[in-house]
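Accompanying notes for the structure given below.
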Amino acid sequence: MIDRPLAVSCGDPAGIGPELLFRAFGRREALGLPAFAVLCDPDFLQARADRMGVDVPMQRIDDWTKVETTFARALPVLPLKARFDDCPGEPLSAHATGIVESIDRGVAASLSGEAAALVTLPIAKAPLYEAGFAFPGHTEYLGALAERATGAQVQPVMMLAGPSLRAVPVTIHIPLSAVPGALTAELLEQTIRITERDLRVRFGLSRPRIAVSGINPHAGESGKMGHEEIDLIAPVLHALRQEGLDIAGPLPADTMFHERARAGYDVAICMYHDQALIAAKALAFDETVNVTLGLPFIRTSPDHGTAFDIAGTGIAREDSFVAALIMAAEMAAGSAS
Ligand SMILES: NC(=O)c1ccc[n+]([C@@H]2O[C@H](COP(=O)([O-])OP(=O)(O)OC[C@H]3O[C@@H](n4cnc5c(N)ncnc54)[C@H](O)[C@@H]3O)[C@@H](O)[C@H]2O)c1
Ligand SMILES: N[C@H](C(=O)O)[C@H](O)COP(=O)(O)O
Numbered sequence: 001m002i003d004r005p006l007a008v009s010c011g012d013p014a015g016i017g018p019e020l021l022f023r024a025f026g027r028r029e030a031l032g033l034p035a036f037a038v039l040c041d042p043d044f045l046q047a048r049a050d051r052m053g054v055d056v057p058m059q060r061i062d063d064w065t066k067v068e069t070t071f072a073r074a075l076p077v078l079p080l081k082a083r084f085d086d087c088p089g090e091p092l093s094a095h096a097t098g099i100v101e102s103i104d105r106g107v108a109a110s111l112s113g114e115a116a117a118l119v120t121l122p123i124a125k126a127p128l129y130e131a132g133f134a135f136p137g138h139t140e141y142l143g144a145l146a147e148r149a150t151g152a153q154v155q156p157v158m159m160l161a162g163p164s165l166r167a168v169p170v171t172i173h174i175p176l177s178a179v180p181g182a183l184t185a186e187l188l189e190q191t192i193r194i195t196e197r198d199l200r201v202r203f204g205l206s207r208p209r210i211a212v213s214g215i216n217p218h219a220g221e222s223g224k225m226g227h228e229e230i231d232l233i234a235p236v237l238h239a240l241r242q243e244g245l246d247i248a249g250p251l252p253a254d255t256m257f258h259e260r261a262r263a264g265y266d267v268a269i270c271m272y273h274d275q276a277l278i279a280a281k282a283l284a285f286d287e288t289v290n291v292t293l294g295l296p297f298i299r300t301s302p303d304h305g306t307a308f309d310i311a312g313t314g315i316a317r318e319d320s321f322v323a324a325l326i327m328a329a330e331m332a333a334g335s336a337s
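Going letter by letter, the sequence shown gives residues 1 to 337 in the numbering used here.
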C-alpha cells in the first residue's frame, strides 16, 4: 500500500491514452488499483468519453491531496493550462505544449513527494519534434529533467519488464547505423551498474543475475563476425565480475531469450533498442511495463505506443497500463519483485 497517489501524464491526446484511463479507472475496485490522478485538459477528456459513449465520472481537483478522497467516486483530473482538441488518430503538433506540460508537472509532483510515482501514457515522437521538442522519448527527457532538478549527472536506463523477461537496451533511440559508434565501455559499464543497483534497491533482488548479449551474430563467433565482443564488451564484464557482480556474456542474442535460457538470469542487457524490445514485446506485449531506472523518482509506462490506428474505437487493451500502475505502486511501496 502507498500513502500518496500516482501521477499519470496524459500522453498524446490523439492516441489511446484517454481510453486506457477510462478503462483502468472503471476496473479500479476489481483490480485494487492505487489512487491516481491524470494531468490533462478536463474538457477534452469529457469530449473523448462522450464521443466513445463511455460514462466516466470525472472531477477537477486543484491539488494532489484531493486525489485519495476523489478517486473512490470520480477520476481525478488536474487541469493543464493547455487545451486539447478531440481528434483521435490525428496527432497535432499544436498539442505538444500540453503534452510536455503534463510530463513536467508529473515529474515535479514525483520529485516533491506529492505523488508516489509517475506513470506516463504514450507520446508520439514526430508531432513533438515538429513542435521543437528535442528529446527522442520520455526516457531521455526524464533524465534531463532529473539533471536539472538535482544538479547531478543522470543516466536514464530503459528497462522493459514483463512476467518472464526484464530487458535493458544499452543504446536507446538512435539509428541502427549509429549503434556501434555510440556503444562505449563507459556507457555499457554505467548501464550495468545502474541496472544492478536498481534491481537490488527498487526490486528487492539481493544479487541480480545479469546476462549480457553480444552485438554481432553469434556474439562475434570468436572475432570472425565482428570484434566488439572481444575488444569492448568482454573486458567490461570481466572487470565487473572481479567486483563480484553475477554476469554472464557476451552471449549470442539469438539464443538467450528462449524459456530455459531466461530461467538463468534476472535481466538481459542488450546492445540496441530492438534486440531488447523485440524479445520483451514478442513474449508479453499486453503485460510488459517500460520502467526508467537511474532516476531520482519512479517512472513506469505501458510498453506500447499511441496506437493511432485504433484510437477512439474502444478496442485498445488497458492491461499494460494497469501493469504500469501496479508496478509503480509496488516500487513506491518497496514491494516490487
Ligand atoms: N511510452 C511511449 O510513449 C511509447 C512507447 C512505444 C511507442 N511510442 C510511440 O508511439 C507511436 C506509435 O508507435 P507504433 O505504431 O510503433 O507502436 P504502437 O504500440 O503504438 O502500435 C503497434 C501496434 O499495436 C497495437 N496496439 C498498441 N497498443 C495497443 C493496446 N493497448 N491495445 C491493443 N492494440 C494495441 C496498435 O494498434 C498497432 O497495431 C510512435 O510515435 C512511437 O514512438 C511511444
Ligand atoms: N522505445 C519505447 C518502446 O518502444 O516501448 C518507446 O519509444 C517509449 O520510450 P520512452 O519511454 O522513452 O518514451
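Even glycine gets a Cβ: it sits at the ideal position worked out from N, Cα and C.
Note that the structure is a prediction, hence the values are computed from the model and not measured.
Determine the extent of the beta strand (DSSP E) in which D43 is found, giving its start and end residues.
Position 43 of the sequence shown, counted from the start, is the residue given in the question as residue 43. Not the beta strand (DSSP E): D43 falls in the alpha helix (DSSP H), residues P42 to M52.
Looking only at DSSP bridge pairs, what is I210 linked to?
Against the sequence shown, residue 210 aligns to sequence position 210. In DSSP, I210 forms a bridge with I247 and V267.
Residue list, Cβ distance to ligand 1 heavy atoms smaller than 5 Å:
P122, I123, A124, K125, S301, H304, G305, T306, A307, D309, I310, A316 and R317
Proximity below 9 Å, CB of E19 to CB of A311
Taking the sequence shown and counting its residues from 1, the one referred to as residue 19 is at position 19. Taking the sequence shown and counting its residues from 1, the one referred to as residue 311 is at position 311. Yes. Within cutoff.
Pick out whichever of P76, L111, H138 and E90 has its Cα sitting closest to the Cα of V100.
Sequence index remark: in the sequence shown, residue 100 carries index 100 (1-based). Out of P76, L111, H138 and E90, H138 has the C-alpha closest to the C-alpha of V100.
Any idea what DSSP makes of T150, helix, strand or coil?
Here residue 150 refers to the residue found at position 150 of the sequence shown. Correct three-state label for T150: helix.
By DSSP, does S337 sit in helix, in strand, or in coil?
In the sequence shown, counting from the first residue as 1, residue 337 sits at position 337. If DSSP states are grouped into helix, strand and coil, S337 belongs with coil.
For F133, the nearest candidate out of A234, E147 and H95 (CA to CA)
Within the sequence shown, numbered from 1, the residue matching residue 133 stands at position 133. F133 has its Cα closest to that of H95, out of A234, E147 and H95.
Whole-Å CB distance - V170 paired with M159, under 8 Å assumed:
Counting from 1 along the sequence shown, the entry for residue 170 is found at position 170. Counting from 1 along the sequence shown, the entry for residue 159 is found at position 159. Not confirmed; about 11 Å, so no contact.
Given I233 as reference, the closest of G151, A117, D198 and A211 once Cα atoms are compared:
The residue labelled residue 233 in the question sits at position 233 within the sequence shown. Closest by alpha carbon: A211.
P79: beta carbon under 8 Å from a heavy atom of ligand 3?
As presented, the structure is devoid of ligand 3, carrying ligand 1 and ligand 2 as its sole ligands.
Checking the sheet assignment: what are the DSSP bridge partners for L75?
The residue labelled residue 75 in the question sits at position 75 within the sequence shown. According to DSSP, L75 bridges with M58.
Taking a contact to mean a Cβ-Cβ separation below 9 Å, would you say G223 touches A248 in this structure?
As a working mapping, residue 223 is identified with position 223 in the sequence shown. As a working mapping, residue 248 is identified with position 248 in the sequence shown. No, Cβ-Cβ distance for G223 and A248 is not below 9 Å.
Assuming V119 is part of the beta strand (DSSP E), what are its boundary residues?
Numbered from its first residue, the sequence shown carries residue 119 at position 119. Its beta strand (DSSP E) spans residues A117 to T120.
So what does DSSP say about S112, is it helix, strand or coil?
Position 112 of the sequence shown, counting from 1, holds the residue named residue 112. Reduced to three states, the DSSP call for S112 is helix.
Taking only the alpha-carbon atoms, compute the straight-line gap between L6 and M58 and give it to the nearest angstrom.
Start at 1 with the first residue of the sequence shown, and residue 6 comes out as number 6. Start at 1 with the first residue of the sequence shown, and residue 58 comes out as number 58. Answer to the nearest angstrom: the Cα atoms are 16 Å apart.
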